[in-house]
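>
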Ligand code: HEM
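In the working numbering, the protein residues as written are 6 to 427.
1. Does the ligand HEM have even one heavy atom less than 8 angstroms from the beta-carbon of residue 286?
2. Can you say whether residue 142 is buried or exposed, counting buried as having 16 or more other CB atoms within 10 angstroms of its CB?
3. Whole-angstrom Cβ separation of residue 390 and residue 315, contact assumed at under 8 angstroms?
4. How many whole angstroms separate the CB atoms of residue 424 and residue 167, which I take to be in contact at a CB cut-off of 8 angstroms?
5. Is it true that the CB of residue 418 sits closer than 9 angstroms to the CB of residue 78?
6. Do residue 93 and the ligand HEM come close, with the Cβ less than 8 angstroms from some heavy atom?
7. Check whether the segment 243-260 touches the segment 279-295, taking contact to mean three or more Cβ pairs, one atom from each stretch, closer than 8 angstroms.
8. Alpha carbon to alpha carbon, how far is residue 61 from residue 366?
9. Would you kindly report the start and end of the unbroken alpha helix (DSSP H) that includes residue 399?
10. Which of the three DSSP states, helix, strand or coil, is assigned to residue 246?
11. Which whole-angstrom value describes the C-beta separation of residue 327 and residue 85, a residue pair presumed to lie in contact below a C-beta threshold of 8 angstroms?
12. Spell out the partners DSSP gives residue 426 in its beta bridges.
13. Can residue 39 and residue 319 be called in contact, C-beta distance under 9 angstroms?
14. Report the three-state DSSP secondary structure of residue 184 (helix, strand or coil).
15. Can you tell me the Cβ-Cβ gap for residue 346 and residue 311, rounded? I've got them flagged as a contact below 8 angstroms.
16. So, under 8 angstroms CB-CB, residue 420 and residue 402 are touching, yes? Tell me the CB distance rounded to an integer number of Å.
17. Any heavy atom of the ligand HEM within a distance shorter than 8 angstroms of the CB on residue 89?
18. Please report how far the alpha carbon of residue 25 lies from the alpha carbon of residue 70, in whole angstroms.
19. Taking residue 180 and residue 385 to be in contact with their CB atoms under 8 angstroms, please state how far apart those CB atoms are, rounded to whole angstroms.
20. So is residue 363 buried or exposed if we call it buried at 16+ other beta carbons inside 10 Å?
21. Which one or two residues does DSSP pair with residue 337 in a beta bridge?
22. I need the boundaries of the alpha helix (DSSP H) containing residue 193, first residue and last residue.
23. Starting from residue 231, trace the alpha helix (DSSP H) in both directions and tell me its first and last residue.
24. I need the boundaries of the beta strand (DSSP E) containing residue 364, first residue and last residue.
25. DSSP state of residue 64, grouped into three classes?
26. Tell me whether the segment 125-134 and the segment 347-356 touch, counting them as touching only if at least three CB pairs, one residue from each stretch, are closer than 8 angstroms.
27. For residue 342, is the beta carbon positioned less than 8 angstroms from some heavy atom of the ligand HEM?
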């Protein structure tokens, strides 16, 4: 989602006035700017190597003009994300928002991402059962059906297509519909409106579509409260009043958050993964000969592209020492997982794409907020990419990688379009 159209944005700096904002505007020293554009999909963005090479943490300047600490080494990022003395609460002064106006609107208050313990622990426990490997395995046949349907559509259409538009975007959206329990009759509307939210070119257009989608979610939650259904939102609606279970308003916020967290992330990895595999016939051949190599290949794709970095931002609740510096209470910290996942102290030959690696990366985060959707992501990516290459073995790029447009400045990294032919 582009920063300019972030639907969670709202200019309300209300509570938590007990913590002062230490992100000093008046420090005019020469700090590198963040985000640093990823000009090549396969290499580290400029400036990251320098952060990795530094003996201690450094500061970066955010688009808001404020400063934040940047952790880039694997061990430092992991230590920061695993430490409850750092808060995920976007409303706290000092939280390293890219732009000040990105403070989320009140209706998003209970989305897991921005909560701290003990509320976070209870809220996460309330939805955890829907994201276990076992629950996700139950979704697998539907993920396969949806994928097959969109491969059929691709094959029935013109022989040159945009894989993002025709495949990578709609498949994860429909999987989220399954998870949330969006009725079949509404899926066309849901797809169209979600797409507008994600791709709006002006904040106004994004705002209109977001309001429409929130209105829809509101109605859907009300229906499920009246008539319980066997899906994530339906089950939560039936358990209202239990500890950690969201009330009506928060359930609407949660449905919206899951849509945002679970759709574009996967679409981006499908696009980037397809691009990389289409450039590597030897790797494709080895996967076709031995499909048991797919899960490790998916994990390596997720490490190699590390598409979701900004999510790993925190603000210190008290003074904490990390990476040789003392981070003061109220200072913001970024966990630069794109750097951490290419840290040579952790990964041998980090720039090499190597599905045989055994070290786990931080691409799904670490600690209390580690991605709750990671089993779904792995399963979905495996089904989608296996099916695509099995059913269209002649698939190839219809444009050189140098000509492709990437989401360089977006919250999540990915491709705007991927022209393919067969
Ligand atoms: C390849 C795909 C994905 C990537 C790379 C990814 C990455 C991440 C990362 C880095 C975090 C940690 C954020 C933090 O520390 O604050 C996170 C959290 C989260 N992700 Fe994912 N994600 C993916 C797919 C999904 C999917 C499919 C869903 C659900 C349908 C999902 C739902 C969530 C939620 C709800 C959280 C917040 C968890 C919490 O705060 O307790 N993600 N994700």
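The C-beta atom is built at its ideal place from N, Cα and C for all residues, glycine as well.
By the coordinates alone:
1. The ligand HEM never approaches residue 286 closely enough for any of its heavy atoms to be under 8 angstroms from the residue's Cβ.
2. Note on residue 142: under 16 other CB atoms within 10 angstroms of its CB, so exposed under the neighbour-count rule.
3. Between residue 315 and residue 390 the Cβ distance is about 25 angstroms, and since that is not below 8 angstroms, they are no contact.
4. That pair is a contact at about 6 angstroms.
5. Remark: C-beta atoms of residue 78 and residue 418 do not approach each other more closely than 9 angstroms.
6. Yes, since a heavy atom of the ligand HEM falls inside the 8 angstroms radius drawn around the Cβ of residue 93.
7. Flag = no, the segment 243-260 and the segment 279-295 do not touch.
8. Approximately 21 angstroms between the Cα atoms of the pair.
9. According to the DSSP assignment, residue 399 belongs to no alpha helix (DSSP H), since it is labelled neither H nor E.
10. DSSP places residue 246 in coil when its eight states are reduced to three.
11. The pair is a contact, with the Cβ atoms about 6 angstroms apart (cut-off 8 angstroms).
12. Checking the DSSP bridge columns, you'll see residue 426 partnered with 165, 401.
13. Taking 9 angstroms as the Cβ cut-off, residue 39 and residue 319 do not qualify as a contacting pair.
14. Helix at residue 184.
15. Between residue 311 and residue 346 the Cβ distance is about 5 angstroms, and since that is below 8 angstroms, they are a contact.
16. Their Cβ separation, rounded to whole angstroms, is 11 angstroms, which puts residue 420 and residue 402 out of contact at 8 angstroms.
17. No; taking the cut-off as 8 angstroms, the Cβ of residue 89 has no heavy atom of the ligand HEM nearer than that.
18. Legend: pLDDT at residue 25 = 48, less than 50; position of this residue unreliable, value from coordinates given subsequently. Here the alpha carbons of residue 70 and residue 25 stand approximately 17 angstroms from one another.
19. 6 angstroms between Cβ atoms; contact.
20. An exposed status is given to residue 363, since fewer than 16 other beta-carbon atoms sit within 10 Å of its beta-carbon.
21. DSSP output for residue 337 lists 320 as bridge partner(s).
22. If you look at residue 193, you'll find it in the alpha helix (DSSP H) that goes 192-204.
23. For residue 231, the enclosing alpha helix (DSSP H) starts and ends at 208-231.
24. No residue range can be given for residue 364, since it is assigned to no beta strand (DSSP E) and is classified by DSSP as neither H nor E.
25. Assigned with DSSP and collapsed to three states, residue 64 falls in strand.
26. By the Cβ rule, the segment 125-134 does not count as touching the segment 347-356, because fewer than three pairs are nearer than 8 angstroms.
27. Yes, the ligand HEM has a heavy atom inside 8 angstroms of this Cβ.
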